[in-house]
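According to our numbering, the sequence shown is numbered sequentially starting from 432. Notes follow once the structure below has been shown.
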Amino acid sequence: MKRFFLILLAILVPFANGISAEKAPKKEKVKNVILIIGDGMGLAAASSWMIDNHYAPTCFDRAQFVGISKTYSANSRVTDSAASGTAMACGVKTDNSMLGQLPDGTPAPSLAVLAKEKGLSAGIVVTSHVCDATPSAFYAHVPKRGMSTEIIQGMLKERLDVVAGGGRKYFTDPEKVPENMIEKAQREGFTYCSTPEEFYQTKATPILGLFSDGSYPMAIERDTDFLRDAAMHTIDILDDNKKGFFAMIEGSHIDHAEHANNAEQLTFEMEEFDKLLNAVFDYADTHKGTLVVITADHETGGVTLLPGSKDFTKGDTGIDVKFATTGHSGIPVPIYAYGASAWRFGQVMENIEIFSRIKALLLEK
Ligand SMILES: [Zn+2]
432 MKRFFLILLA ILVPFANGIS AEKAPKKEKV KNVILIIGDG MGLAAASSWM IDNHYAPTCF
492 DRAQFVGISK TYSANSRVTD SAASGTAMAC GVKTDNSMLG QLPDGTPAPS LAVLAKEKGL
552 SAGIVVTSHV CDATPSAFYA HVPKRGMSTE IIQGMLKERL DVVAGGGRKY FTDPEKVPEN
612 MIEKAQREGF TYCSTPEEFY QTKATPILGL FSDGSYPMAI ERDTDFLRDA AMHTIDILDD
672 NKKGFFAMIE GSHIDHAEHA NNAEQLTFEM EEFDKLLNAV FDYADTHKGT LVVITADHET
732 GGVTLLPGSK DFTKGDTGID VKFATTGHSG IPVPIYAYGA SAWRFGQVME NIEIFSRIKA
792 LLLEK
């Protein structure tokens, strides 16, 4: 009997662990990279979504390879989004609050800018505001993350094909900016869109999409799948370039829900993130040479999943989502990878290696 189980295990274990990985194209050249950042999304946040679904397949179950990213910054075991965004965007460990530069102030170019220099297209979509830390790491070089005017100047200089999210007030506040930066962008040839609907109707790049004064509303506050729809329209724009593209899409509010220790907000954010990932995986299935890398910049909230009082066999999850902090934690974060050369992300690595591996695959082939 024991032998029978061993044989059964020998058959089933590779099947269970390897069925997705087997499908991943190993030698396919990488033409497009879609880097998706769930801000603050640790393993517990991703797992809470899997448990909420009663272990029915989620986007995370579709991942072909899974790795671990070490998120500490140059001056702290617990990073902020500026230093970790810089690590993934520019491949350097820097101090908390710094964007696109080394601790000594030396600027470092981002994957988006390097892709543009090579003739590829590049775009950024977030649910936060476009001057927030993660997106800004892809177009700014400033010592303090709050320097929104300098961040906008960097954004206009780099002329990425798409920059979309919230943040109108940072462009127009007369106390902060020397002039209306939306009008300046338009004078410099940017197509400005003030609503997602306007954005979905245009492909005239470069596009600056500012859909709200501050951050775009959280998923719990709206009926639309904004993150998925804005991401897929951006990809539709970027993939007109035969040379390929780099896109960074951020589910920014996962972090905000965790800072607020709000499990209900977190569930809505994870639901939207799931729709985004499934749509992007479907895209990779039909567009050869597309690599999708999903990770977080850091863990937020010290999220943990404790036994709940409810009986999960009667239709509830039986799990209580608890938080250990309203800040960030030092817990390493998962990396999920899908598509061309996804296997390159199936290891334990420094967050800066996400940059170097994408650069090697996309820009140095
Ligand atoms: Zn945060």
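Ideal Cβ positions, reconstructed from N, Cα and C, are used throughout, including at glycine. Remember, predicted model here, so these are calculated numbers, not experimental data.
Could you tell me the boundaries of the beta strand (DSSP E) in which residue i lies?
| i | result |
| --- | --- |
| Ser-646 | From DSSP, Ser-646 is part of no beta strand (DSSP E); its letter is neither H nor E. |
| Asn-463 | 463 to 469 |
| Val-752 | 750 to 753 |
| Thr-565 | From DSSP, Thr-565 is part of no beta strand (DSSP E) but of the alpha helix (DSSP H) over 564 to 567. |
| Ser-807 | Outside the modelled stretch of the chain, which goes from 432 to 796, sits residue 807, for which no answer is possible. |
| Lys-501 | 496 to 501 |
| Tyr-623 | 622 to 624 |
| Thr-757 | Run containing Thr-757: none; DSSP gives neither H nor E here. |
Confirm, please, whether the CB-CB distance from residue j to residue i is below 8 Å.
| i | j | result |
| --- | --- | --- |
| Val-734 | Phe-754 | yes |
| Lys-745 | Lys-460 | no |
| Ile-783 | Lys-524 | yes |
| Leu-530 | Phe-677 | no |
| Gly-536 | Phe-786 | no |
| Ser-683 | Thr-558 | yes |
| Ser-515 | Ser-528 | no |
| Leu-587 | Ala-543 | no |
| Thr-665 | Val-723 | no |
| Thr-633 | Thr-626 | no |
| Ser-772 | Leu-669 | no |
| Ala-520 | Ser-541 | yes |
| Thr-517 | Ala-568 | yes |
| Ala-539 | Leu-545 | no |
| Glu-589 | Tyr-601 | no |
| Tyr-767 | Ala-494 | yes |
| Gly-550 | Lys-674 | yes |
| Pro-566 | Glu-681 | yes |
How is the alpha helix (DSSP H) around residue i delimited, first residue to last?
| i | result |
| --- | --- |
| Lys-674 | Neither: Lys-674 is in no alpha helix (DSSP H) and is coded neither H nor E. |
| Val-711 | 694 to 717 |
| Thr-603 | 599 to 603 |
| Leu-587 | 579 to 589 |
| Tyr-769 | Counting along the chain, Tyr-769 falls outside any alpha helix (DSSP H), though it belongs to the beta strand (DSSP E) covering 764 to 770. |
| Tyr-631 | 627 to 631 |
| Ser-479 | 474 to 483 |
Please report the Cβ distance between residue i and residue j, rounded to the nearest whole angstrom; I am assuming they are in contact, meaning their Cβ atoms lie under 8 Å.
| i | j | result |
| --- | --- | --- |
| Gly-597 | Phe-642 | 6 Å |
| Ile-499 | Val-779 | 5 Å |
| Met-679 | Ile-555 | 5 Å |
| Ser-579 | Asp-728 | Contact doesn't hold; Cβ gap of about 19 Å is too wide. |
| Ile-465 | Thr-726 | 12 Å between Cβ atoms; not a contact. |
| Leu-737 | Asp-747 | In fact, because the Cβ distance is near 14 Å, the residues do not count as touching under 8 Å. |
| Asp-644 | Arg-599 | 5 Å |
| Met-481 | Phe-496 | Met-481 to Phe-496, Cβ: 17 Å. No contact. |
| Gly-749 | Gly-739 | 5 Å |
Within the chosen definition, does the stretch 713 to 722 reach the stretch 696 to 703 through at least 3 CB pairs nearer than 8 Å?
no
Answer yes if the stretch 606 to 616 comes into contact with the stretch 647 to 664, meaning at least three C-beta pairs across the two stretches below 8 Å, and no otherwise.
no
Would you mind listing the alpha helix (DSSP H) stretches within the stretch 519 to 560 that are 4+ residues and don't spill past its ends, in chain order?
Fully enclosed alpha helix (DSSP H) runs of 4 or longer: 542 to 548.
Using 8 Å as the threshold, is the stretch 467 to 487 in touch with the stretch 684 to 693, meaning 3 or more CB pairs across them?
At 8 Å Cβ cutoff, the stretches touch.
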